[in-house]
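When you line the sequence shown up against the working numbering, it's residues 22 to 295, in that order. Where is the CB? At the ideal position from N, CA and C, for every residue including glycine. As the structure is a prediction and not an experimental result, all values here were calculated from the model.
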Amino acid sequence: SFDSMPWFLPGGFDIMPYLSSILLPWLKECGSREKFAEWLKVPDYREEIKDALQSGKWFIRLAYNPNTNPQWAENMWISRHTDWSLVGKNIAMVAAERGAQQLDTWFDLICEDPDAMGYAAGTADTGNFPWKPYRALMFQHRLGSLSLDQSVFNKAYEMEMPPYRKPGMNSFSAFPAFINQMVKEIKVFTLEEAIYKMSTAAAEHHHLKGLGTITPGSHADITVFNYDALEVMGTPVEPRQHPKGIEYVYVNGVAVVEKGKHTGATPGRIVKRV
22 SFDSMPWFLP
32 GGFDIMPYLS
42 SILLPWLKEC
52 GSREKFAEWL
62 KVPDYREEIK
72 DALQSGKWFI
82 RLAYNPNTNP
92 QWAENMWISR
102 HTDWSLVGKN
112 IAMVAAERGA
122 QQLDTWFDLI
132 CEDPDAMGYA
142 AGTADTGNFP
152 WKPYRALMFQ
162 HRLGSLSLDQ
172 SVFNKAYEME
182 MPPYRKPGMN
192 SFSAFPAFIN
202 QMVKEIKVFT
212 LEEAIYKMST
222 AAAEHHHLKG
232 LGTITPGSHA
242 DITVFNYDAL
252 EVMGTPVEPR
262 QHPKGIEYVY
272 VNGVAVVEKG
282 KHTGATPGRI
292 VKRV
């Protein structure tokens with residue numbers, strides 16, 4: 022069996038929200054986004070960063086690595102900038118409009134607004150690859166189940182030092198996004214099949230007794246949701262938003278969410294396979 026992660030939401034497992042966040046060694050060295058933006062105006066400093074990226078001295082994720090992905094600039098999108106005409110464009114678009122090199126455009130955007138924000142979308146999400154049918158095949162495989170490569174955060178968490186990480190939208194909305202896209206949008210699964218992939222299949226594959234089914238003797242872990250009202254509320258600028266449509270959640274028989282509001286109860290336990 023295997024688990025497949027629902028990468029439907031921009032930002033992946035967490036979000037480094039600022040355009041400068043990916044350039045972590047230099048951002049840390051400068052100590053603030055403002056100082057980093059000032060140093061980026063120095064030609065020799067820029068060349069040092071370019072050399073580190075192009076030589077592989079500083080490796081960043083493949084989707085937006087200028088050294089390994091010719092389409093990297095198509096995958097970095099601007100979500101906030103003092104020049105609002107740039108919002109919703111990727112670096113490749115802005116570079117083309119300005120007639121400038123893509124790396125220099127990235128650096129210029131930071132210089133123009135040290136607090137400029139952005140997010141990364143994988144190559145598959147930019148139109149270069151028909152990701153939906155192929156991803157659907159992974160989910161449809163009889164041995165496949167759904168998983169999340171996530172950590173647990175409270176809604177207020179934000180790293181106070183570079184790279185200023187926030188929890189990604191997947192932390193809050195991956196399963197609602199799976200239902201909306203796989204059931205409602207491209208109709209790969211019925212609702213019942215999607216629920217099976219998200220719960221029963223995963224428990225069966227990992228031999229977790231008493232989980233993944235609503236049967237006598239099982240743990241009373243139940244989510245009640247409004248199918249028509251399911252909506253992802255997070256954005257790349259503020260990913261820490263709970264989805265709409267989750268009405269009730271019971272963990273070990275205790276109400277954790279009632280009428281869409283958290284009750285404060287924490288009856289969950291670490292899941293162990295024994």
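- In the structure shown, F80 falls within a coil segment according to DSSP collapsed to helix, strand and coil.
- The alpha-carbon separation between F246 and E55 amounts to approximately 44 angstroms.
- Setting aside the 5 residues that flank it on each side, H240 is surrounded in the same chain by G231, L232 and N273, each with a C-beta closer than 7 angstroms to its C-beta; the list follows chain order.
- Closest by C-alpha distance to Q161, out of E59, S194 and A215, is A215.
- Secondary structure note for S106: it is in no beta strand (DSSP E), with a DSSP letter that is neither H nor E.
- Inclusion of Y178 and Y39 in the CB contact set at 7 angstroms is not warranted, their separation being larger than that value.
- Excluding the 5 residues flanking it on each side, Q75 has same chain C-beta neighbours closer than 8 angstroms at P87 and N88, in chain order.
- In this model, A222 and K208 are separated by some 19 angstroms (Cα to Cα).
- In the three-state reduction of the DSSP assignment, L164 falls in the coil class, being assigned neither a helical nor a strand state.
- Within the same chain, Cβ atoms closer than 6 angstroms to the Cβ of S100 are found at M138, G139, Y140, P257 and V258, the five residues on either side in sequence being excluded.
- S168 has its alpha-carbon roughly 31 angstroms from the corresponding atom of I112.
- DSSP places S239 outside both helix and strand once states are collapsed to three, so it counts as coil.
- Nearest to W98 by alpha-carbon distance, out of C51, L229, V253 and Q123, is Q123.
- The three-state reading of DSSP puts P188 in strand, counting E and B together.
- A direct Cα-Cα distance of roughly 5 angstroms separates I243 from Y271.
- Inter-residue distance for V204 and D65 is about 52 angstroms (C-alpha atoms, whole angstroms).
- DSSP places K265 within a strand segment (E or B) once states are collapsed to three.
- Between the alpha carbons of Y269 and K293 lies a gap of roughly 25 angstroms.
- In chain order, D35, F174, Y178, P260 and R261 place their CB closer than 7 angstroms to the CB of P188, counting only its own chain and leaving out the 5 sequence neighbours on each side.
- The alpha carbon of A276 has as its nearest neighbour, out of P264, F196, G289 and G266, the alpha carbon of G289.
- In this structure, A142 sits away from T126, with a CB-CB distance that is not shorter than 7 angstroms.
- Per DSSP, Y217 lies in no beta strand (DSSP E); the unbroken alpha helix (DSSP H) holding it starts and ends at L212 to M219.
- The straight-line gap separating the alpha-carbon atoms of A195 and D129 is approximately 34 angstroms.
- Contact check for A58 against C132 passes: the beta carbons are separated by less than 7 angstroms.
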